[in-house]
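K.L.:
There are 2 protein chains.
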Amino acid sequence: MLTVFSDNHFMKQALLEAQKAYEADEIPVGAVVVCRNKVIARAHNQTELLNDVTAHAEMLALTAAANALGSKYLDECTLYVTLEPCTMCAGGLAWAQLGRLVYGASDDKRGFMRFGKSILHPKTNVEFGIMMEECSKLMTQFFKDKR
Amino acid sequence: MLTVFSDNHFMKQALLEAQKAYEADEIPVGAVVVCRNKVIARAHNQTELLNDVTAHAEMLALTAAANALGSKYLDECTLYVTLEPCTMCAGGLAWAQLGRLVYGASDDKRGFMRFGKSILHPKTNVEFGIMMEECSKLMTQFFKDKR
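Going line by line, the protein sequences match chains A and B.
Start counting the first sequence at 155; every next residue gets the next number (the numbering used here).
Start counting the second sequence at 155; every next residue gets the next number (the numbering used here).
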């Protein structure tokens, strides 16, 4: 029997990744890439560890997913990410021709939505607000700890 | 005696990188990062070789420059790139707080300028059109070969 998992199920996986980032003192953002109901890539923000501004969860997940599939293009995949992607990541998702993007919390300051959906590939479906509260909570806690 | 090199000098270095991409059958874009009059990173587009849409010249140069400096931030650096960066790369340059961006040819279809300069860090100075003809020529030749 094929079990079709819900968006919440996969966002929980992305949250587990975000939690790993939190524990490593990285801004807690996590992402997973799902293809045909299966997680093919998992990543969390590693900008501090790698000393690299490009090491966002989404970028690392894109690279890992392409490796897993043997294809640069992710048109049959969904990327779940706990936070609204920034313009860099949205640009990367556009090049990958991502099929579907699902994000949790919004990021009014750094998120790609400031520039509108046209920054993504025209065929990418977008949903947001999935487990928003849990996704935001981790971010809020992180910046509270820093104060 | 300190020789201060011109923008043309460094763009020529970026063009040498673009030429390497051309020879490897990659879209011919090259970049160098210069800090205190010295090239600290060189890269060219490797999306085909690495099977990775994120492997643009600028992204690879950002990562390499951060490694060379031991700092994620490139506020004292200039990035020379043969083609106008895309939104992904511009977003990366923003996170790196790049001091100065110099690009050769414009890219009306994919370039970040469609979304305006605010996609970059507010402190990044931008110049373009340096050796534009040489930079464009390589791109035109590449796509002509493909037909």
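Heads up, the beta-carbon is just placed ideally off N, CA and C, and yes, glycines get one too.
Quick caveat: nothing in here was measured; it's all calculated off a predicted structure.
Please tell me whether L216 (chain B) has its Cβ less than 8 Å away from any Cβ of chain A.
P.N.:
Your numbering for residue 216 (chain B) matches position 62 in the second sequence. Chain A contact via Cβ: present.
K.L.:
Can you pull the DSSP bridge partners for A195 (chain A)?
P.N.:
Taking the first sequence and counting its residues from 1, the one referred to as residue 195 (chain A) is at position 41. Answer is A:V187.
K.L.:
Give the C-beta separation of V183 (chain B) and V235 (chain B) to the nearest angstrom, bearing in mind that I take them to be a contact with Cβ-Cβ under 8 Å.
P.N.:
For the purposes of this step, residue 183 (chain B) is taken as the residue at position 29 of the second sequence. For the purposes of this step, residue 235 (chain B) is taken as the residue at position 81 of the second sequence. About 7 Å; that satisfies the 8 Å criterion.
K.L.:
From B:F296, B:G245 and B:L170, pick the residue whose C-alpha is nearest to that of A209 (chain A); which is it?
P.N.:
Reading the first sequence from its first residue, position 55 is the one you call residue 209 (chain A). If we check each option's Cα against that of A209 (chain A), B:G245 comes out closest.
K.L.:
Once DSSP output is grouped into helix, strand and coil, what is the label at G270 (chain A)?
P.N.:
Within the first sequence, residue 270 (chain A) is the residue found at index 116, counting from 1. It is coil, neither helix nor strand.
K.L.:
Between the stretch 251 to 277 of chain B and chain A, which residues of the former have CB atoms less than 7 Å from a CB of the latter, in chain order?
P.N.:
Taking 7 Å as the Cβ-Cβ cut-off against chain A, the residues of the stretch 251 to 277 of chain B that qualify are F269 and I273.
K.L.:
Grab me the residues of Y227 (chain A)'s own chain with a C-beta within less than 7 Å of its C-beta, minus the 5 sequence neighbours each way, in chain order.
P.N.:
By 1-based counting over the first sequence, the position of residue 227 (chain A) is 73. A250 and Q251, listed in sequence order.
K.L.:
To the nearest angstrom, how far is the alpha carbon of C240 (chain B) from that of M213 (chain A)?
P.N.:
Counted from its first residue, the second sequence places residue 240 (chain B) at position 86. Counted from its first residue, the first sequence places residue 213 (chain A) at position 59. The straight-line gap from Cα to Cα measures roughly 15 Å.
K.L.:
Between A:C243, A:E238, A:A215 and A:M242, which has its C-alpha nearest C231 (chain A)'s C-alpha?
P.N.:
The count along the first sequence starts at 1 and reaches residue 231 (chain A) at position 77. Taking only the C-alpha atoms, the option nearest C231 (chain A) is A:A215.
K.L.:
Here's a check: name, in chain order, each residue in its chain whose Cβ is nearer than 8 Å to the Cβ of V117 (chain B), leaving out the five neighbours to either side.
P.N.:
No statement about residue 117 (chain B) is possible, as the shown extent of chain B runs from 155 to 301 and does not include it.
K.L.:
Answer yes or no: do N205 (chain B) and I284 (chain B) have a C-beta to C-beta separation smaller than 8 Å?
P.N.:
Within the second sequence, residue 205 (chain B) is the residue found at index 51, counting from 1. Within the second sequence, residue 284 (chain B) is the residue found at index 130, counting from 1. No, they are not a contact pair.
K.L.:
Using 10 angstroms around the beta-carbon of A136 (chain B), count the other beta-carbons present and answer buried if the total reaches 16, otherwise exposed.
P.N.:
An answer regarding residue 136 (chain B) cannot be provided, because it is not within the stretch 155 to 301 covered by chain B.
K.L.:
In the stretch 220 to 286 of chain A, which residue ranges form an unbroken alpha helix (DSSP H) of at least 4 residues, counting only runs that do not cross its ends?
P.N.:
Counting whole runs of 4 or more residues, the stretch 220 to 286 of chain A contains the alpha helix (DSSP H) stretches 241 to 249.
K.L.:
Determine the chain A residues that contact K226 (chain B) at a beta-carbon separation under 8 Å, and present them in chain order.
P.N.:
Along the second sequence, read from residue 1 onward, the residue named residue 226 (chain B) stands at position 72. T201, N205, D206 and V207, listed in chain order.
K.L.:
Return the residues of the stretch 183 to 198 of chain B that lie within a Cβ-Cβ distance of less than 8 Å from chain A, sorted by chain order.
P.N.:
Taking 8 Å as the Cβ-Cβ cut-off against chain A, none of the residues of the stretch 183 to 198 of chain B qualify.
K.L.:
For C231 (chain A), which residues in chain B fall below 8 Å Cβ to Cβ?
P.N.:
Within the first sequence, numbered from 1, the residue matching residue 231 (chain A) stands at position 77. Within chain B, no residue comes near C231 (chain A); the closest Cβ sits about 13 Å away, beyond 8 Å.
K.L.:
Is the distance from the Cβ of N199 (chain A) to the Cβ of F159 (chain A) below 8 Å?
P.N.:
In the first sequence, residue 199 (chain A) corresponds to position 45, counting from 1. In the first sequence, residue 159 (chain A) corresponds to position 5, counting from 1. It is not a contact, given that the beta carbons lie outside the stated cut-off.
K.L.:
Just to confirm my understanding: we take C289 (chain B), look at its own chain, exclude 5 residues before and 5 after, and list those with CB closer than 6 Å. What are they?
P.N.:
The residue labelled residue 289 (chain B) in the question sits at position 135 within the second sequence. Correct list, in chain order: T236, G258 and A259.
K.L.:
Examine chain A for any beta-carbon lying closer than 8 Å to the beta-carbon of M285 (chain B), and answer yes or no.
P.N.:
Here residue 285 (chain B) refers to the residue found at position 131 when the second sequence is read from its first residue. Chain A, which has no Cβ nearer than 8 Å to the Cβ of M285 (chain B), makes this no.
K.L.:
How should G265 (chain A) be labelled, buried or exposed, when 16 other C-beta atoms within 10 angstroms of its C-beta is the threshold for buried?
P.N.:
Numbered from 1 along the first sequence, position 111 holds the residue referred to as residue 265 (chain A). So G265 (chain A) counts as buried.
K.L.:
Cα-Cα, which of B:T294, B:A248 and B:E287 is closest to N279 (chain B)?
P.N.:
To locate residue 279 (chain B), count along the second sequence from 1; it is residue 125. Cα-wise, what sits closest to N279 (chain B) is B:A248.
K.L.:
Would you say C240 (chain A) reaches chain B, if we count a Cβ-Cβ gap shorter than 8 Å as a contact?
P.N.:
Locating residue 240 (chain A) in the first sequence gives position 86, where the first residue counts as 1. So yes, C240 (chain A) belongs to the interface.
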